[in-house]
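To start, the structure under review is shown below, and the notes come after it.
There are 2 protein chains.
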Amino acid sequence: MNENSAIDRGQTVVDKSRLSLNQITTEHWTAREAIEGCARFGIPSIALWRHKIEETGLDACVKLVRDAGLHVSSVCRGGMFTAATKLERLERIEDNLRAIDQAASLQADSLVMVVGGTQGVPLDDARKMVFDGVASIVEHARASGVCIGLEPLHPMFAGDRSVLNTIDQALQIAMLYTPEDVGVVLDVIHIWWDPKLYAEIESARGRIVGFHVSDWLVPLPDILKCRGMMGDGVIEIKRIREAVDQTGYCGPIEVEILNDEIWNRPPDQVVSQVIERFVSLV
Amino acid sequence: MNENSAIDRGQTVVDKSRLSLNQITTEHWTAREAIEGCARFGIPSIALWRHKIEETGLDACVKLVRDAGLHVSSVCRGGMFTAATKLERLERIEDNLRAIDQAASLQADSLVMVVGGTQGVPLDDARKMVFDGVASIVEHARASGVCIGLEPLHPMFAGDRSVLNTIDQALQIAMLYTPEDVGVVLDVIHIWWDPKLYAEIESARGRIVGFHVSDWLVPLPDILKCRGMMGDGVIEIKRIREAVDQTGYCGPIEVEILNDEIWNRPPDQVVSQVIERFVSLV
Chain A
2 MNENSAIDRG QTVVDKSRLS LNQITTEHWT AREAIEGCAR FGIPSIALWR
52 HKIEETGLDA CVKLVRDAGL HVSSVCRGGM FTAATKLERL ERIEDNLRAI
102 DQAASLQADS LVMVVGGTQG VPLDDARKMV FDGVASIVEH ARASGVCIGL
152 EPLHPMFAGD RSVLNTIDQA LQIAMLYTPE DVGVVLDVIH IWWDPKLYAE
202 IESARGRIVG FHVSDWLVPL PDILKCRGMM GDGVIEIKRI REAVDQTGYC
252 GPIEVEILND EIWNRPPDQV VSQVIERFVS LV
Chain B
2 MNENSAIDRG QTVVDKSRLS LNQITTEHWT AREAIEGCAR FGIPSIALWR
52 HKIEETGLDA CVKLVRDAGL HVSSVCRGGM FTAATKLERL ERIEDNLRAI
102 DQAASLQADS LVMVVGGTQG VPLDDARKMV FDGVASIVEH ARASGVCIGL
152 EPLHPMFAGD RSVLNTIDQA LQIAMLYTPE DVGVVLDVIH IWWDPKLYAE
202 IESARGRIVG FHVSDWLVPL PDILKCRGMM GDGVIEIKRI REAVDQTGYC
252 GPIEVEILND EIWNRPPDQV VSQVIERFVS LV
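Protein sequence lines, in the order shown, are assigned to chains A and B. If you read the first sequence in our numbering, its first letter stands for residue 2, the second for the next number, and so on. If you read the second sequence in our numbering, its first letter stands for residue 2, the second for the next number, and so on.
So this is what it looks like as structure tokens:
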């Protein structure tokens, strides 16, 4: 059996070497606990959230990650470029510059962008602010060696979190820059429904700087904290992962699950299940 | 000022003659009460839901509508073509044939289709079942003089309600048939986020058989019962309505609001506000 026919049949596997624990999956853990947890379970990569980094301290996180021999797949998050006033938009830019510095210190593959919703701004204007916002930070990112990862969010977040809702939209911005500076981050929870999904993934060839998995539960338990463990929902995760890999992406795959029920389980138990589901279903 | 320049500036208005009360907006009313409510408030059209029609009785509804001089903009709903077994799919077809008969009796402009989610079926297969389902009922619809109205639903409903999530997708099916037999129904709540919205609306020229309004609240109070009164959310309703009208659509505009808070207000108060917001904001 050659590799292509295996891919055609959705039978390829990933091993733990590509697993990254997005620390939101173990929400009750501090950054220190999440880093130590990865080391304990032999997970080679981690994605850190800024409020957790700041709680533990950036320098401490850098040391902890280095001592544990971990790779940082991403820092979450920059963005939030949309705001009604120029002053607010400038404040957001300042915050993004700080986020770039944090991502640089942690040598993260990318700084994930959640670009901001419509609130208070007409949709087209909000979308233009995202173009402008990226333009305002790309030079500092380049100088810092940080790749900006534009993440399209599910259309249900267009109001409050992100007016970037399709892969096409994210690529329209990314293509203005070199791939080293601006790429796209794909998360199955945000893109699985797209009627043009596989063509859009292919069109992102060379631009994918991050890939996230979880599952879409039916019924959806919540809007923000809606995500399920891989295998508990309706997303064809393996098919999407194979399409992403076919573009040449071979980097870490983050497991990023926002879900109250999972958060309330013992984190060690969650991480065990993450590993088990990852190697069998992703 | 010529009409085009007014349209360019989003200044056109609609009057009550185009208002249709989708009865779900006054959920606690029976079909009889909703029909009588429309008559009392001078609303010329109504959209009826099948469970409410069946509760009051189809013949009684036909008589009530006729006696009140009302026009029925749509019957909600047919569809739900996606199912794991052939037997289930056949049962859904049977149910659609009954829905067509009800829409025919009420001389509704269209029978609105909520085509069904993915549950238990891979997404591509589910989408194919929708093509097959429409093909199975179009002859009976034509013979009955009923137009099938394919409504793309927001991507957040792809799991449980509808794998038809963009105007493009709905048009791909509709275009297989004559416009008298199969059209599309556009609801701002489902389409407002789409980066290609205005181009897609234009591409639906001659195929739009229904148009629904409400508003997208931030934050979203619920997934199903998420809709706000026009003006309480972030959708550019007038701009979208003008784009729809520019395609030549001049039919009824349904106000369809699923929202617990609104449902719990006195229906007469809700209807008064619907009229006020409709003439000023739609």
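Glycine included, C-beta positions come from ideal geometry on N, C-alpha and C.
Proximity below 8 Å, CB of residue i to CB of residue j
i, j, result
"residue 185 (chain B)", "residue 131 (chain B)", "no"
"residue 255 (chain B)", "residue 100 (chain B)", "no"
"residue 81 (chain A)", "residue 117 (chain A)", "yes"
"residue 259 (chain B)", "residue 94 (chain B)", "no"
"residue 264 (chain A)", "residue 236 (chain A)", "no"
"residue 45 (chain B)", "residue 71 (chain B)", "yes"
"residue 175 (chain B)", "residue 208 (chain B)", "yes"
"residue 53 (chain B)", "residue 40 (chain B)", "no"
"residue 284 (chain A)", "residue 271 (chain A)", "Residue numbering for chain A in the displayed model covers 2 to 283; residue 284 (chain A) lies beyond these limits and cannot be assessed."
"residue 214 (chain A)", "residue 150 (chain A)", "no"
"residue 286 (chain A)", "residue 242 (chain A)", "Any answer about residue 286 (chain A) is impossible in this case: the structure gives chain A only from 2 up to 283."
"residue 109 (chain B)", "residue 145 (chain B)", "no"
"residue 141 (chain B)", "residue 98 (chain B)", "yes"
Residue i versus residue j - alpha carbon distance
i, j, result
"residue 68 (chain B)", "residue 187 (chain B)", "29 Å"
"residue 226 (chain B)", "residue 161 (chain B)", "14 Å"
"residue 273 (chain A)", "residue 42 (chain A)", "8 Å"
"residue 60 (chain A)", "residue 190 (chain B)", "46 Å"
"residue 21 (chain B)", "residue 281 (chain B)", "15 Å"
"residue 120 (chain A)", "residue 217 (chain A)", "26 Å"
"residue 201 (chain B)", "residue 19 (chain A)", "39 Å"
"residue 73 (chain A)", "residue 182 (chain A)", "17 Å"
"residue 13 (chain A)", "residue 248 (chain A)", "15 Å"
"residue 238 (chain B)", "residue 245 (chain B)", "10 Å"
"residue 155 (chain A)", "residue 198 (chain B)", "16 Å"
"residue 228 (chain B)", "residue 125 (chain B)", "29 Å"
"residue 17 (chain B)", "residue 275 (chain B)", "10 Å"
"residue 1 (chain B)", "residue 177 (chain B)", "One cannot answer for residue 1 (chain B) here, as it falls past the ends of chain B, which runs 2 to 283."
"residue 51 (chain B)", "residue 251 (chain B)", "25 Å"
"residue 127 (chain B)", "residue 35 (chain A)", "39 Å"
"residue 1 (chain A)", "residue 139 (chain A)", "Residue 1 (chain A) is absent from the model: chain A starts at 2 and stops at 283."
"residue 23 (chain A)", "residue 115 (chain A)", "15 Å"
"residue 204 (chain B)", "residue 173 (chain B)", "11 Å"
"residue 261 (chain B)", "residue 221 (chain B)", "12 Å"
"residue 55 (chain B)", "residue 133 (chain B)", "27 Å"
"residue 212 (chain A)", "residue 103 (chain B)", "48 Å"
"residue 180 (chain B)", "residue 15 (chain A)", "48 Å"
"residue 157 (chain A)", "residue 92 (chain B)", "32 Å"
"residue 223 (chain B)", "residue 129 (chain A)", "29 Å"
Cβ separation of residue i and residue j, assumed to be a contact under 8 Å, to the nearest whole Å
i, j, result
"residue 113 (chain B)", "residue 78 (chain B)", "5 Å"
"residue 219 (chain A)", "residue 232 (chain A)", "With a Cβ gap of about 13 Å, residue 219 (chain A) and residue 232 (chain A) do not count as contacting."
"residue 29 (chain B)", "residue 268 (chain B)", "6 Å"
"residue 75 (chain A)", "residue 111 (chain A)", "5 Å"
"residue 85 (chain B)", "residue 122 (chain B)", "6 Å"
"residue 148 (chain B)", "residue 107 (chain B)", "The pair is not a contact, with the Cβ atoms about 13 Å apart (cut-off 8 Å)."
"residue 196 (chain B)", "residue 167 (chain A)", "6 Å"
"residue 278 (chain A)", "residue 230 (chain A)", "6 Å"
Proximity test, Cβ basis, 8 Å: residue i and chain A
i, result
"residue 9 (chain B)", "With a pLDDT of only 49 at residue 9 (chain B), under 50, the local geometry of the prediction cannot be trusted, and the value read off the model is given with reservation. So no, residue 9 (chain B) is outside the interface."
"residue 108 (chain B)", "no"
"residue 194 (chain B)", "yes"
"residue 118 (chain B)", "yes"
"residue 17 (chain B)", "no"
"residue 12 (chain B)", "no"
Any C-beta of chain B under 8 Å from that of residue i
i, result
"residue 294 (chain A)", "Chain A is shown only over 2 to 283; residue 294 (chain A) falls outside these bounds and no answer can be derived."
"residue 170 (chain A)", "yes"
"residue 5 (chain A)", "Its pLDDT being 42, under 50, residue 5 (chain A) is placed unreliably by the model, and the measurement read from it follows with that caveat. Not an interface residue."
"residue 270 (chain A)", "no"
Heavy atom of the ligand NAP within 7 Å of residue i beta-carbon
i, result
"residue 40 (chain A)", "The ligand NAP is absent from the structure shown, which contains no ligand whatsoever."
When you check each C-beta in the region 146–161 of chain B against every C-beta of chain A, which residues fall closer than 8 Å? 155, 156, 157, 159, 160 and 161
Residues of the region 212–241 of chain A with a CB closer than 7 Å to any CB of chain B: list them in chain order, please. 217, 219, 220, 221, 224, 235 and 237
What residues in the region 111–145 of chain B have a beta carbon less than 8 Å from any beta carbon of chain A? Residues of the region 111–145 of chain B whose Cβ lies closer than 8 Å to any Cβ of chain A, in chain order: 118, 119, 120, 123, 124 and 128.
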